[in-house]
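Q: If you scroll down you'll find the structure; I have some questions about it.
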């Protein structure tokens, strides 16, 4: 009995330790959140990603009863901040606002140190916006079919602006070119604003711009809108047809955002965050605020976001490979 008791106590201690270890993640999830949460925005302050990130952080802070603060980790086109979150501790206290570029485009343009499918736990969609094809008023074509006819009559003579090689505006234009079967030359600029300015000034003939930034110029007559990349016509420009209704299949593209945590984050924490994001997506005040910024508030289940990221990654991979686009 003397030798047996220590072994019994030792075995019981091990079982207790195992039980506590197994319970620890559950307890942490039950207690979540009990400290501030960092929301990494992998782009500089002041841009659209940052504005949306700060709005989400502000509203989540109220919903969760803990501060959610934005940490701008810009660099390498959004790759540095995204990589940071991919390899962060999966405890729910480091999140990122994923953007279509760094979650579905950039990984196909060159080597990145993260896998958008394997390294993240999707939480919910957050917002999306669409592009609008606009031309300089002096451009002869008044419709997309007329533009396509001009491009086919003189291949390589028309040109379009973009915010840079491999940027979303570049890839959307290449998606259109593939669908329409036309050869239009790419003129890259350092950002979407210089690209739009080039079309306004007549340096280039067309650009796929953001709806909210382009419509004021359309309404003032400084630009002409030909089509939008949304699945249906948008309320802000009901007279502008979609690419799909004009017969250009598959030319649907959005600048979408989703909320992600590192892979391995406890399901209970993901569920709690998803619950708050769904409530936020349904909030009329939040939806109205995003509408003013030219974005649509959206939400999803984690599974729906995972499937969407996969489909977007596959789509843009095909465009990049077919058009033979490489990172600069």
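Numbering (this note's numbering), first residue to last: 14 to 341.
From the three backbone atoms N, C-alpha and C, an ideal C-beta is built for every residue, glycine too.
Note that the structure is predicted; figures quoted are calculated from it, not measured.
Start and end of the beta strand (DSSP E) containing residue 238?
A: Start and end: 237-241.
Q: For a minimum of 4 consecutive residues, which ranges assigned as the alpha helix (DSSP H) are wholly contained in the stretch 261-313?
A: Within the stretch 261-313, the complete alpha helix (DSSP H) runs of at least 4 residues are 280-295 and 297-305.
Q: Indicate the three-state DSSP secondary structure (helix, strand or coil) for residue 71 in the structure shown.
A: Correct three-state label for residue 71: helix.
Q: Going by the DSSP bridge assignment, what does residue 80 pair with across the sheet?
A: DSSP lists no partner for residue 80.
Q: Is the stretch 302-317 close to the stretch 76-83, with three or more CB pairs under 8 angstroms?
A: Cβ pair count under 8 angstroms is below three, so no.
Q: Here's the rule: buried if 16 or more other CB atoms are within 10 angstroms of the residue's CB, otherwise exposed. What is residue 280?
A: Exposed: under 16 other Cβ atoms inside 10 Å.
Q: What three-state label does DSSP hand residue 329 in the structure shown?
A: Three-state DSSP puts residue 329 in a helix.
Q: Going by alpha carbons, who is nearest to residue 235 out of 45, 73, 224 and 214?
A: The candidate whose alpha carbon is nearest that of residue 235 is 214.
Q: Please report the distance separating the alpha-carbon of residue 327 from that of residue 117.
A: If you take the alpha carbons of residue 327 and residue 117, they lie about 8 angstroms apart.
Q: Tell me, please, which residues DSSP counts as bridged to residue 115.
A: Paired residues: none, contrary to the question.
Q: In this structure, what does DSSP give as the bridge partners for residue 135?
A: Looking at the DSSP assignment, residue 135 forms a beta bridge with 273.
Q: Just the Cα atoms here: how many angstroms apart are residue 184 and residue 153?
A: Going from the Cα of residue 184 to the Cα of residue 153 covers about 24 angstroms.
Q: Should the stretch 164-175 be called in touch with the stretch 312-329, which here means at least 3 C-beta pairs below 8 angstroms?
A: Taking 8 angstroms as the limit for Cβ pairs, the verdict is that the stretch 312-329 does not touch the stretch 164-175.
Q: Could you compute how far the alpha carbon of residue 230 sits from the alpha carbon of residue 156?
A: For residue 230 and residue 156, the distance between alpha carbons rounds to 17 angstroms.
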